[in-house]
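Peer 1: Residue numbers (my numbering), protein chains in the order written: chain U, 160 to 943; chain S, 1289 to 1579.
Glycine included, C-beta positions come from ideal geometry on N, C-alpha and C.
Keep in mind it's a predicted model, so treat the numbers as computed, not measured.
Below is the structure I would like to discuss, written out as structure tokens.
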Amino acid sequence: MKFIQYLFVLFFALLLPNAGLRAENEGEAKRLNISGHIADGQSGEMLIGATVYVDELQTGTATNLYGFYAISLPPGKYSLHYSYIGYERVSKVISLNSDLTLDVELSPADQTLDEVVITGERQDKNVSAAEMSVVKIESKTIKEIPALFGETDLIRAIQLLPGVKPLAEGSTGFSVRGGSADQNLILLDEAPVYNAGHLLGFFSVFNNDAVKDVKLYKGDIPASQGGRLSSLLDVRMKDGNLKNFSGTGGVGLISSRLTLEGPIIKDKTSFIVSGRRTYADLFIPLFGNEDLDGSKLYFYDLNAKISHIINENNRIFASAYFGSDVFKNEFAGMNLGNNTLTLRWNHLFSKKLFSNFTFLRSRYAYSLGTPEGEASSFEWKSKLVDYSAKADFTWYLNTDNTIKYGASFIHHTFEPGEARGLGEETFFNAFQIPRKYALESGVYISNEQKVGALLTLKYGLRLSMFNNIGPDTLYNYDENYQMADFESIAAGKVYNTYFHLEPRVGFTYLLSEVSSIKGSYSRTAQYVQLAQNSTAGTPLDIWFPASPNVKPQISDQGALGYFRNFDKNTYEVSAEVYYKTMQNAIDFKDHAELLLNKQLEGELRFGTAVSYGLELMVRKQQGNLTGWVSYTLSKAQRTIAEINDGKSYNAPYDKPHDISVVLNYNISKILVAGLNWVYSTGLPVTFPTGRAVWGNKIVPIYSDRNDYRMPDYHRLDVSLTLKPIQKPNRKWHGEWNLSVYNAYARKNAWVINFEQDPNDPYQTFAEATYLFSIIPSISYNFNF
Amino acid sequence: MLAKIKNITSLILIVLVVASCTERIEIDLDAQKYARLVVEGEFSTDTAAHIVRLTVTEDYFSNSMPVGVSNAQLTISGAGEEYPLNEIVAGSGIYATDTQVAGLVGADYTLRIVLDEAIGGEQEYTANSTIYPINPLDSIGLEFHEDWATEGVWEVKCYVWDPPTEDYYMFHIYRNGVLVNDTIDQVFVVDDALYNGNYTNGIGVGYLNQADENEQLFPGDQVTLRVLRITKEYSEFLWSLQEEVSYQSPLFSGPPANVKGNISGGAFGAFGAYSASYASKVVKPETMVGL
């Protein structure tokens, strides 16, 4: 243990920024630095992943998450090309004889129809970039995908990518490469979002109008992140228009939204405020059910952010998110939501050392109960709060090496559940599951190194540590998972520590200018998981930490891929295979009791899981017809001693075949059509083979878990957007969107139940419930 | 009461789900791998004939009455006594003790079954259960709620002191001597975590829907509440069973699994021994709350 603590301290020593500065002064005199920010010329918004290419050296770099880039070059004359998809390329010729700060603004490309927009040589980013198993989606693309009830949804768009599957019809939970729903780290401006769904997961919490950039890592998660096994969904909010006051919004059948952004001090300080609210409760009288009259049902999201450029070397950002679901009728009420607050400071120690410091708080809480005044009134609350501090450094050592290092600390407070009766007449005692506290920390260092012109190597190491801290009650279980005894832990005492080394390595090898192969291996550890036993999950599911009874889950993933572009980077084709094993995989015992259970850990069962597959995708991002077609062939299985008699069984989200077709076509200057078609094998289910009669009911007798499948799922959505011609001086632009979900009205089974015939007690039949038949909707979107 | 909280939660959450539709579908299921013995046994402190029913499992879509297992030797023994059970009607698979038999509080009882022919590879099966003491009911109350359903609902309310030990109960409701909640999914099975050691103060333990002719009450009807104190093991069996016969949804239900009972040898079902307490009330024209 002491040796590991020593290692930890050693890593910290490496974080001293002086290390970067010292190296720069010795023997680096011959190299000069060009650095700066690349931004959108109309709004001043920083562009993430924009590229800078140096003709003379046949190499380049890309901007980081804050729009910052740095290149190190010997003195001389250079032609630099700045580009980003959807924008006009900018070229500059410079004479470099001292360090240079060069900020560049790019103009959005004209939507002319009769020419393919020419973008820079480096549009082959998917081929050359040293990362794999990652997909980036622009906010604009998400907006063009036909959506349920016309509600543009970031997570529904993610579910159309290869390797990503929705949990159940309509749900915004997702499974990546066979992993479960809680293995995805969802970050909004670096703050974790614990429940990213509204209304039981039918809508996500992300308001697309406020989103700048979305990146999904399906594997090959960078060393700077950790804590979840299967994926990282990194959502970055817009910073706000630095130049002009502008707004965007829309009115739809289910919700309306408005985003306002603009400069507080032009080119220095900007703000963005974005809100969305549903009015689903207005439709309740239509259901004709008297019990529902007078019910309230709505959800809202509010995003707010202020960005300020202090000077050339310092920028600060403050972002916040508040969201809530409210349901209330005369019998009961429920209230749940996330809120996050992030403060960040970009600081340039030098032209080669970029740093970012983050402080954040993230909270997820819910409460439900019955109205006061009766003896049976009760209230049930639960919440989870994270406080976190992070420091991330990028050291642009030279053209061939970019070193990243940093540390992060998260303090978790878990309040799994507290139920009590209300009022004096209550016959309920107060019942509380004790709070838990934990500290999750990590330090990392990684380097991206170019070796010659064809090979890029990426290697890194993350050291993560998890501490359980008192006060708490630690239950000890016997071999039958019954509680044997328990001990009380004093406040502040660290009663358990786990740590793991997580290597992350990869390579990219250019076979030609338009093709490459990539490979990667990574190990991740997960210390916090969700007690969710149902397919779609409910917002009541609680997160629980690793402990002496629950070892951290570990995943080892290897991936290999071939990437090729055709026709001047117009078509991007990729084929990727992956193989993932998981240790300490968690599943729940039969008929597990997960809510309001002090001995939740006794309901868990542990084993291993494996998943592997092939992901194929063809993507076109230029021209009148854009979109992608993807196919995933995969398998995911678990093996747990006490479940299914120890035999391997299909993991809950195992779907061997998964096809997505997402297309967007500019019919004319004012008319755009969108289409998506999805097809997948049905989810695995457990069906009975026998029956018994007990207590005058027919009880099913099951054979093996997840041995059967639901019927195959497929669905077509279409949309049409009308953009009336913009009068040149009018600021207000509006467009109408008509979309149809499930256009051929396929009755996709959501669940299959076996029912007893009410007229003949011994007759049973199978009944499928389906959620959505054909749903048309219309919405009006505007910006000014 | 945790079960009640979950019932209410399900109610809240289900209302949120946008109108969904159902339709019958055809599913092909495999035949069961092998037949198992099914045992339904009870033994209470009432002086009465105690019933054990033996049947066999069938293929899921067999859609016929279960076949009773006859010619088996059954005994229930405990507290120094042994009570044999005899099949009441040949071929029914229903066995009963003598009518003057009563279980004793604090005693362990063992059910022994010896079959004529082996089922599922076994010929002998046993099960154990214990009878715990029960506080006698003070009284029951009946409260009519006219807006809980189209024709209203009668709530059966329970008044008793709950002892400070960890207890489990189930409730039978009789109308004029006939059992109303005669299917296992209608029976309330509870633990006492939320009101342990307190007076129950009229907590609802049964609901009678006026629209259902088997449940409706008229002035002059007598409602009897029978409280049974069951073992923790038996209550866990019943909860699992109730989960398996109720609506499964992707929101709440975990993967289905076989219900584990307390019968040896791989038989399905359970044998429960329990103590009983009764209280009755006659329906008067106006709504009433006991005490």
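If contact means a Cβ-Cβ distance below 7 Å, which residues of the segment 1444–1458 of chain S contact chain U?
Peer 2: none
Peer 1: Contact check, ILE431(U) vs GLY399(U) under 8 Å by CB: the rounded distance?
Peer 2: ILE431(U) to GLY399(U), Cβ: 4 Å. Contact.
Peer 1: What residue range does the beta strand (DSSP E) around LEU759(U) cover?
Peer 2: For LEU759(U), there is no enclosing beta strand (DSSP E), as DSSP gives it neither H nor E.
Peer 1: For chain S, check one thing: does any of its Cβ atoms lie closer than 8 Å to the Cβ of TYR861(U)?
Peer 2: yes
Peer 1: For the segment 747–773 of chain U, which residues have a beta carbon sitting closer than 7 Å to at least one beta carbon of chain S?
Peer 2: Taking 7 Å as the Cβ-Cβ cut-off against chain S, the residues of the segment 747–773 of chain U that qualify are PHE747, ASP749, HIS750, ALA751, LEU754 and LEU755.
Peer 1: Considering only heavy atoms of the ligand GDP, does any lie closer than 7 Å to the CB of GLY338(U)?
Peer 2: Judged by which ligands are present, the structure shown has none, so any question about the ligand GDP falls away.
Peer 1: For TYR838(U), which residues in the same chain have their Cβ closer than 6 Å to its Cβ, ignoring the five residues on either side in sequence?
Peer 2: ILE818 and HIS873
Peer 1: Consult DSSP for THR300(U) and reduce its assignment to one of helix, strand or coil.
Peer 2: helix
Peer 1: Which residues mark the beginning and the end of the alpha helix (DSSP H) in which ILE380(U) is found?
Peer 2: Careful: ILE380(U) lies outside any alpha helix (DSSP H) and carries neither H nor E.
Peer 1: What residue range is occupied by the uninterrupted alpha helix (DSSP H) comprising LEU313(U)?
Peer 2: It spans 313–317 - the alpha helix (DSSP H) in which LEU313(U) sits, taken as one unbroken run.
Peer 1: Three Cβ pairs or more, each shorter than 8 Å: is that satisfied between the segment 716–731 of chain U and the segment 594–613 of chain U?
Peer 2: no
Peer 1: Got a sec: is the Cβ-Cβ distance from VAL858(U) to anything in chain S below 8 Å?
Peer 2: Cβ-Cβ to chain S under 8 Å: yes for VAL858(U).
Peer 1: May I have the straight-line CA-CA distance separating ASP1386(S) from HIS1433(S), to the nearest angstrom?
Peer 2: 42 Å
Peer 1: Do VAL213(U) and ILE197(U) have their C-beta atoms closer together than 8 Å?
Peer 2: no
Peer 1: Could you check the C-alpha separation between THR1438(S) and TYR929(U) for me, to the nearest Å?
Peer 2: 27 Å
Peer 1: I'd like to check one pair, ASP426(U) with GLY200(U): are the Cβ atoms closer than 8 Å?
Peer 2: no
Peer 1: Indicate whether at least one CB of chain S lies closer than 8 Å to the CB of LEU879(U).
Peer 2: no
Peer 1: GLU731(U) lies in the beta strand (DSSP E); which residues open and close that run?
Peer 2: Note, GLU731(U): beta strand (DSSP E), 730–747.
Peer 1: Using a C-beta to C-beta distance shorter than 7 Å, which residues of chain S count as neighbours of SER693(U)?
Peer 2: PRO1538, LEU1539, PHE1540, SER1541 and GLY1542
Peer 1: Could you give the distance in angstroms between the alpha-carbon of LYS1569(S) and the alpha-carbon of TYR1483(S)?
Peer 2: For LYS1569(S) and TYR1483(S), the distance between alpha carbons rounds to 24 Å.
Peer 1: If you count every other CB in all the chains shown that lies within 10 Å of the CB of ASP1455(S), and 16 or more means buried, which is it?
Peer 2: buried
Peer 1: What distance in whole Å lies between the Cβ atoms of ALA908(U) and PRO870(U), which are believed to be in contact at a cut-off of 8 Å?
Peer 2: 6 Å
Peer 1: Measure the Cβ-Cβ separation of ALA566(U) and SER514(U) and say whether it is below 8 Å.
Peer 2: no
Peer 1: When the distance is taken between beta carbons, is ALA1555(S) closer than 8 Å to VAL1326(S)?
Peer 2: yes
Peer 1: Suppose contacts are defined by Cβ-Cβ distances below 8 Å. Is PHE1349(S) in contact with THR923(U) by that definition?
Peer 2: yes
Peer 1: My assumption, with CB atoms under 8 Å, is that GLN742(U) sits in contact with ASP341(U). Please give the rounded CB distance.
Peer 2: No, GLN742(U) and ASP341(U) are not in contact; Cβ-Cβ is about 16 Å, not under 8 Å.
Peer 1: Using 8 Å as the cut-off, can you tell me whether the segment 667–675 of chain U makes contact with the segment 711–719 of chain U, which would need three or more C-beta pairs spanning the two stretches below that distance?
Peer 2: no
Peer 1: Tell me, please, which residues DSSP counts as bridged to LEU875(U).
Peer 2: TRP836(U)
Peer 1: Chain U partners of VAL1357(S), CB-CB under 8 Å?
Peer 2: Simply none; closest approach about 12 Å.
Peer 1: Need the endpoints of the alpha helix (DSSP H) that GLN922(U) sits in, please.
Peer 2: Unbroken run through GLN922(U): none, as it is neither H nor E.
Peer 1: Name the chain S residues that come within less than 8 Å of LYS906(U), Cβ to Cβ?
Peer 2: CYS1309 and GLU1311
Peer 1: Please determine, among TYR603(U), ASP644(U) and VAL653(U), the residue with the shortest C-alpha to C-alpha distance to HIS659(U).
Peer 2: TYR603(U)
Peer 1: Whole angstroms are fine: how far does the CA of SER1541(S) sit from the CA of ASP348(U)?
Peer 2: Put simply, the backbone Cα of ASP348(U) is about 34 Å away from that of SER1541(S).
Peer 1: Identify each residue in the segment 845–857 of chain U for which the Cβ-Cβ distance to at least one residue of chain S is less than 8 Å, and report them in chain order.
Peer 2: THR845, PHE846, PRO847, THR848, GLY849, ARG850, ALA851, VAL852, TRP853, GLY854, ASN855, LYS856 and ILE857
Peer 1: Got a sec? Which residues, its chain only, sit under 7 Å from VAL821(U) by beta carbon, not counting five neighbours each side?
Peer 2: These residues qualify, in order along the chain: ILE304, LEU319, GLY786, TRP787 and ASN835.
Peer 1: Tell me the DSSP bridge mates of LYS1569(S)?
Peer 2: VAL1511(S)
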